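The numbering of the sequence shown is my numbering, which starts it at 2 and goes up by one. See below for the structure under consideration.
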Amino acid sequence: MNKTLQLTLAAMFVALMIVGARIGVPLPGISEDYFTLQFLVALMAGLLLGSKLGAISMGAYLALGLIGVPVFAAGGGLAYVVRASFGYLVGFAATAFAVGFIVEKTKTNSIKGYWLACVCGLIVCYGIGLPYEYVITKYFAGNSNVAMLAIFLDCFPIDFPGDCILTVIGAALAYRLRPVLLREGQIPGRA
Numbered sequence: 002m003n004k005t006l007q008l009t010l011a012a013m014f015v016a017l018m019i020v021g022a023r024i025g026v027p028l029p030g031i032s033e034d035y036f037t038l039q040f041l042v043a044l045m046a047g048l049l050l051g052s053k054l055g056a057i058s059m060g061a062y063l064a065l066g067l068i069g070v071p072v073f074a075a076g077g078g079l080a081y082v083v084r085a086s087f088g089y090l091v092g093f094a095a096t097a098f099a100v101g102f103i104v105e106k107t108k109t110n111s112i113k114g115y116w117l118a119c120v121c122g123l124i125v126c127y128g129i130g131l132p133y134e135y136v137i138t139k140y141f142a143g144n145s146n147v148a149m150l151a152i153f154l155d156c157f158p159i160d161f162p163g164d165c166i167l168t169v170i171g172a173a174l175a176y177r178l179r180p181v182l183l184r185e186g187q188i189p190g191r192a
């Protein structure tokens, strides 16, 4: 695959991530809370682009936001690093890498294999996002009484179920798209 196509694919996933940040899916019964489609885009970057290119595309998205382009769900800029949710943005790049790495190493082409890779991506994303949220909340925001369990419980009734559904959607999309795109030479890898 040539470099121009790789850069185009990476740029496409940066654009998809920007759109995914802007699409807020409301949660039934909770008027103020919603989740975005960013996690699904990070999964698809890893599933379709592979570990390196997927992580590069998510890293480019992160860099755009940090230099001040308002691509994140609530804007952009360097000050975003002190937001409790910033760890999840870092987690998206790690998620894309982990998912892509698992698919590359296992050479899976089953929906179950893709789903397991997505579940690993979910663990990676939350493994980075939750501790980051805890540290920012406890030490930067000055809430010294907060416990990690409170951060954990705050996240799971709202965000986690939606992200679990997105692992299933990501696996199903990869199962349908990946073989076709590989056969056409549109993504890295072999058919």
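Yeah, the Cβ is synthetic: ideal placement off N, Cα and C, and Gly gets one too. For clarity, every value in this text was computed on a predicted model and none was experimentally measured.
Test item: CB-CB of residue i and residue j under 8 Å
i	j	result
Arg179	Leu48	yes
Cys121	Ala94	no
Tyr133	Phe87	yes
Val104	Ile129	no
Met18	Tyr62	yes
Ile112	Ala172	yes
Asp155	Leu123	no
Thr1	Asn146	The chain is shown only over 2 to 192; residue 1 falls outside these bounds and no answer can be derived.
Gly101	Ser52	yes
Ile170	Leu50	no
Tyr81	Leu67	yes
Leu79	Val72	no
Environment of residue i [buried if 16+ CB atoms lie within 10 Å]
i	result
Cys126	buried
Gly26	Position check: residue 26 holds Val in this sequence, whereas Gly was assumed. Val26 comes out exposed.
Ile166	exposed
Tyr115	buried
Ile159	exposed
Val15	buried
Pro189	buried
Val1	Residue 1 lies beyond the range of the chain shown here (2 to 192); nothing can be said about it.
Val181	exposed
Ala56	buried
Ile152	buried
Tyr140	exposed
Ala22	buried
Ala75	exposed
Ala148	exposed
Phe157	exposed
Leu150	exposed
8 Å contact criterion, which residue i and residue j should meet: CB distance rounded
i	j	result
Ala97	Ala43	5 Å
Gly60	Val70	About 14 Å separates the two Cβ atoms, so there is no contact after all.
Sheet register partners of residue i (DSSP bridge)
i	result
Thr37	Gly25
Phe73	Gly76
N-terminal and C-terminal residue of the alpha helix (DSSP H) that residue i is part of
i	result
Thr98	The residue asked about is misnamed: residue 98 is Phe in this sequence, not Thr. Element bounds for Phe98: 87-107.
Lys53	52-67
Glu134	112-136
Leu167	160-184
Ile152	149-156
Residue i: CB within 7 Å of a non-hydrogen atom of the ligand NAD
i	result
Gly128	For the ligand NAD, the structure offers nothing, since it holds no ligand at all.
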